[in-house]
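The block underneath contains the structure these notes are about, expressed in structure tokens.
Residue numbers (this note's numbering): 167 to 339.
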């Protein structure tokens, strides 16, 4: 098993998407602060941002509702990418991945963000507000948006994600 022992540094000028992107942001009450921060960050970077809510951190809401909204927005082609946030990023990513057109990746560092795009063609980035600082989240987001899908051997694997194998019916006795 390979171990990563060195800290990765990021060249913030290098990891910049070369075009203006349309990005949907969605969060439950546990991710609203990070969502608000990243919305401002993305606008400053020149991207179009669609905010799918929530806007009220004082009211408890259900993360699946916001994962589903972002997934639908990406699947319909209304945006290029989705960014979804809850307390840990786990629940909202599970919700988004219920849509067969979605490949939501929960990322905690720039390495997982890069590999999610290069190898898995992830179209939604999931983040956890309780586990990430804003600077780390910005770095992850920057790398995610700037990284292209490699295709090649990965394309075959990604294609299989859209068409899971049929389950076999059990014979009745």
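Where is the CB? At the ideal position from N, CA and C, for every residue including glycine.
For residue j and residue i, the rounded distance between their alpha carbons
i: residue 187; j: residue 225; result: 30 Å
i: residue 324; j: residue 200; result: 29 Å
i: residue 241; j: residue 265; result: 8 Å
i: residue 237; j: residue 258; result: 10 Å
i: residue 289; j: residue 247; result: 5 Å
i: residue 302; j: residue 296; result: 12 Å
i: residue 211; j: residue 235; result: 24 Å
i: residue 169; j: residue 277; result: Bear in mind that a pLDDT of 40 at residue 169, under 50, signals an unreliable position, so the number given afterwards is only what the model happens to contain. Cα to Cα, residue 169 sits roughly 13 Å from residue 277.
i: residue 315; j: residue 298; result: 25 Å
i: residue 256; j: residue 209; result: 26 Å
i: residue 223; j: residue 329; result: 37 Å
i: residue 321; j: residue 300; result: 32 Å
DSSP bridge partner residues for residue i (one or two, in chain order)
i: residue 272; result: 292
i: residue 191; result: 217, 249
Per-residue DSSP class, three states only, for residue i
i: residue 223; result: coil
i: residue 313; result: coil
i: residue 230; result: helix
i: residue 323; result: helix
i: residue 243; result: coil
i: residue 235; result: helix
i: residue 305; result: helix
i: residue 203; result: helix
Pair within 7 Å by beta-carbon distance, residue i and residue j
i: residue 197; j: residue 251; result: yes
i: residue 239; j: residue 205; result: no
i: residue 202; j: residue 245; result: no
i: residue 274; j: residue 227; result: no
Rounded Cβ spacing between residue i and residue j (contact assumed at less than 8 Å)
i: residue 233; j: residue 271; result: Contact flag wrong, Cβ pair sits at about 13 Å.
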